[in-house]
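Trainee: First the structure, which I've put down as structure tokens, then a few questions once you've had a look.
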Amino acid sequence: MKDHIKQCPEVIKRMKRQIVLASARKGEGHIASAFSILDILWVLYSSVLRTFPDDPRHEDRDRFILSKGHGSLALYAVLAEMGFFPSAEFDRFAEFEGSLGGHPDCNKVPGVEASTGSLGHGFPMAVGMAIGLRIKNSSSRVCCLIGDGEANEGSVWEAAMLSVHHKLGNLTCILDYNHSGDRALVLGDLRQKFAAFGWEVCEIDGHDHQQILMAATPTGGEVPRMVIANTIKGKGCQEMENNPAWHHKSPSPAELESLLAQLT
Amino acid sequence: MRRQFVATLERLLEEDSRVVLLLGDIGVFGFRNSFAKFPMRTINIGILEQATVSLAAGLAKEGFIPVFHSIAPFVVERAYEQLKVDFCYQSLGGNFVSVGASYDYAALGCTHHCPADVSLMKSLPGMQVVVPGHPHELDTLFRQTYANSCPTYFRLTERNNEMDRDVEFGKATVIQRGDAITVIVVGPLLDTVIRAVGGLNLTILYYTTLSPFDSATLAENCPSGKVVVVEPFYEGTLVNDVVASLKYRPVSITNIGVPRRFLTNYGAAEEHDIACGLAAEAIRQKVEECIHA
Chain A
1 MKDHIKQCPE
11 VIKRMKRQIV
21 LASARKGEGH
31 IASAFSILDI
41 LWVLYSSVLR
51 TFPDDPRHED
61 RDRFILSKGH
71 GSLALYAVLA
81 EMGFFPSAEF
91 DRFAEFEGSL
101 GGHPDCNKVP
111 GVEASTGSLG
121 HGFPMAVGMA
131 IGLRIKNSSS
141 RVCCLIGDGE
151 ANEGSVWEAA
161 MLSVHHKLGN
171 LTCILDYNHS
181 GDRALVLGDL
191 RQKFAAFGWE
201 VCEIDGHDHQ
211 QILMAATPTG
221 GEVPRMVIAN
231 TIKGKGCQEM
241 ENNPAWHHKS
251 PSPAELESLL
261 AQLT
Chain B
1001 MRRQFVATLE
1011 RLLEEDSRVV
1021 LLLGDIGVFG
1031 FRNSFAKFPM
1041 RTINIGILEQ
1051 ATVSLAAGLA
1061 KEGFIPVFHS
1071 IAPFVVERAY
1081 EQLKVDFCYQ
1091 SLGGNFVSVG
1101 ASYDYAALGC
1111 THHCPADVSL
1121 MKSLPGMQVV
1131 VPGHPHELDT
1141 LFRQTYANSC
1151 PTYFRLTERN
1161 NEMDRDVEFG
1171 KATVIQRGDA
1181 ITVIVVGPLL
1191 DTVIRAVGGL
1201 NLTILYYTTL
1211 SPFDSATLAE
1221 NCPSGKVVVV
1231 EPFYEGTLVN
1241 DVVASLKYRP
1251 VSITNIGVPR
1261 RFLTNYGAAE
1271 EHDIACGLAA
1281 EAIRQKVEEC
1291 IHA
């Protein structure tokens, strides 16, 4: 694991272009949600997680679960960038016979640990994996990413309780706090809430690579670690940033031109 | 049957280091020996069934064989989407063991009834459904299936048949052969049906596995095309299986099961049997109606 990482704007922009083009081609995809978490996933896969792209199910790997499965395009972009599968697969995004869909399928996509999409499932699955790794006396770790809208689900808080009760120091959860859920249910100070549940909590800028690296790097304690990542939904494209209209929207040709101009 | 479940699990925890038992805060005293001997793999997880089923899927992903035990409505209905997505969609193996269905906890009222369990579980692609009628059958069927990499629902019952039968997962057992009609009976209702149809010239097929349904045995043992289904859950649950088994043949089906309404009375399960038409006298009457129809 590294203790320092440079901001990598070119890599991030390249992946964002790939995401936008894939979405525009098929008229499908949650681009803004993907942009919200792309920096986090890039730092995790490039600098924090122990992964084996040539052997995705290697027993010694660290596990990452994208609990907010609608951010799948970010996960696909990072997995492709890391060599888990060829980037050409993006050409078949959301195709009938394609492996990359609007939500990830662990039985189709190398490197995807869990089939998510229904919110509130991935986090407790991560808890089960962390318990399983501990029974096996494994040094591998589990990292999970949830959204703030997802944190409306009761199962998220069930998982939060279980993680602390079972002293899952091998579990890190990152909360993508882009506030898109505020229009329905304002969650307020999540740092305080998870701390009250017994988590070790830190709060970062979810687009600052060095902060992500420091927050996601294991500390070796007995307490699960919650990283509240303050993010901007649609980060990097002005018309998309914090604009609810872009939650599940693909760009028109004119919009595509504008988006790509901002990503070069 | 619950005592047998404890005995079976105690042995499997000993024999198979992949087995992890998750209790929804029930049966904790019964499993005290397992808690003492296998503290890492015997967990009283608490009363949070949705997270528990997802957590069990996480264990399955790590190569373990989870066994989750709680009361039927909380295993099946509370955590139904987790069963669908986390186990069936992801093709993971796990075991879900309920007590209390359909109205075994009659006096606790409708919140603790669950006559929909088998119907719901049979709707999930890939979910195996097992309803033993005797403790020994539970042991046999559990051992045959618990590690076969499929999700499996086991419905334990408070009441069971006096003697066990020779059962095999996925196979129906022919209890007797006759010409007039074919009676399909599920799990713990076998003794009641045998009492009900004494002296009648009919076939009795005993089913303890409901998914996958043994179509071949029914197709081979239904010369009349008349079928009576006696099922200890919602009536009509097995209709599709019967029709599909007897494809291209005209078939008449009489369903004897739990009526599809809330059972708002309390009392004992035996009283509900009578009210639902699942006591021997009512079953005999319907069987005779079917024979003479």
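Heads up: the sequence lines are chains A and B, in that order.
Anchor point for the first sequence: position 188 equals 188 in this note's numbering, and the numbering is continuous, going up by one each time.
Position in the second sequence (from 1) plus 1000 gives the number in this note's numbering.
Positions of the beta carbon are idealized from the N, C-alpha and C atoms, including for glycine.
1) Measuring alpha carbon to alpha carbon, tell me which residue in A:VAL223, A:LEU256, A:ARG141 is nearest A:ALA196.
2) Does the contact criterion of 3 or more C-beta pairs under 8 Å hold for the region 82-95 of chain A versus the region 1052-1061 of chain B?
3) Can you say whether A:ALA254 is buried or exposed, counting buried as having 16 or more other CB atoms within 10 angstroms of its CB?
4) Have a look at the DSSP bridge pairing and note the partners of A:CYS202.
5) Please report the distance separating the alpha-carbon of B:SER1123 from that of B:PHE1096.
6) Output, in chain order, the set of chain B residues within a Cβ distance shorter than 9 Å of A:LEU162.
7) Quick check: is the beta carbon of B:GLY1094 nearer than 8 Å to any beta carbon in chain A?
8) If we define contact as Cβ-Cβ less than 8 Å, is A:LEU213 a contact residue for chain B?
9) Taking 8 Å as the cut-off, decide whether the C-beta atoms of A:SER72 and A:GLY98 are in contact.
10) Do we get a CB-CB distance below 8 Å when we pair B:SER1091 with the residues of chain A?
11) Starting from B:HIS1069, follow the alpha helix (DSSP H) in both directions and report where the run begins and ends.
12) Report, in whole angstroms, the separation of the C-beta atoms of A:PRO124 and A:ALA159, which I expect to be a contact under 8 Å.
13) On a CA-only basis, which of B:PRO1132, B:GLN1128, B:THR1157 is nearest B:TYR1105? Give me that one, please.
14) At which residues does the beta strand (DSSP E) containing A:LEU38 begin and terminate?
15) Can you grab the Cα-Cα spacing for the pair B:THR1209 / A:THR51, in whole Å?
16) In terms of residue numbering, what span does the beta strand (DSSP E) encompassing B:GLN1097 cover?
17) Residues of chain A with CB closer than 7 Å to the CB of B:ASP1086, please, in chain order.
18) When the distance is taken between beta carbons, is B:PRO1073 closer than 8 Å to B:TYR1294?
19) Do you know how far the Cα of B:GLY1024 is from the Cα of A:ALA80?
20) Buried or exposed: where does B:ALA1216 fall if 16 or more other Cβ atoms within 10 Å of its Cβ makes it buried?
21) Counting only the same chain and skipping the five closest in sequence on each side, list residues whose C-beta sits under 6 Å from that of A:ASP105.
22) In this structure, does DSSP put B:PRO1232 in helix, strand or coil?
23) What do you reckon, are the CB atoms on A:VAL109 and A:PRO251 nearer than 8 Å?
24) Using a Cβ cut-off of 8 Å, pull out every chain B residue sitting near A:SER99, in sequence order please.
Mentor: Looking at the atomic coordinates:
1) A:VAL223
2) no
3) exposed
4) A:VAL227
5) 15 Å
6) ILE1045, GLY1046, LEU1048, ALA1051, THR1052, LEU1055
7) no
8) no
9) Cβ distance not < 8 Å, so A:SER72 and A:GLY98 don't count as in contact.
10) yes
11) Unbroken run through B:HIS1069 is the beta strand (DSSP E), 1065-1071; no alpha helix (DSSP H).
12) 4 Å
13) Nearest C-alpha to B:TYR1105 among B:PRO1132, B:GLN1128, B:THR1157: B:THR1157.
14) Note, A:LEU38: premise wrong, no beta strand (DSSP E); alpha helix (DSSP H) at 31-43.
15) 42 Å
16) The residue you asked about is not Gln; residue 1097 of chain B is Val in the sequence shown. Per DSSP, B:VAL1097 belongs to the beta strand (DSSP E) from 1094-1099.
17) Listed along chain A, the residues sitting closer than 7 Å to B:ASP1086 by beta-carbon distance are HIS121, MET125.
18) As displayed, chain B neither begins before 1001 nor continues past 1293, which places residue 1294 of chain B out of reach and without an answer.
19) Rounded to the nearest angstrom, the gap between the Cα atoms of A:ALA80 and B:GLY1024 is 41 Å.
20) exposed
21) The beta carbon of A:ASP105 is closer than 6 Å to those of SER115 in its chain, skipping five residues each way along the sequence.
22) strand
23) The Cβ-Cβ distance between A:VAL109 and A:PRO251 does not fall below 8 Å.
24) Near A:SER99 there are no residues of chain B at all, since even the closest Cβ is about 15 Å away, more than 8 Å.
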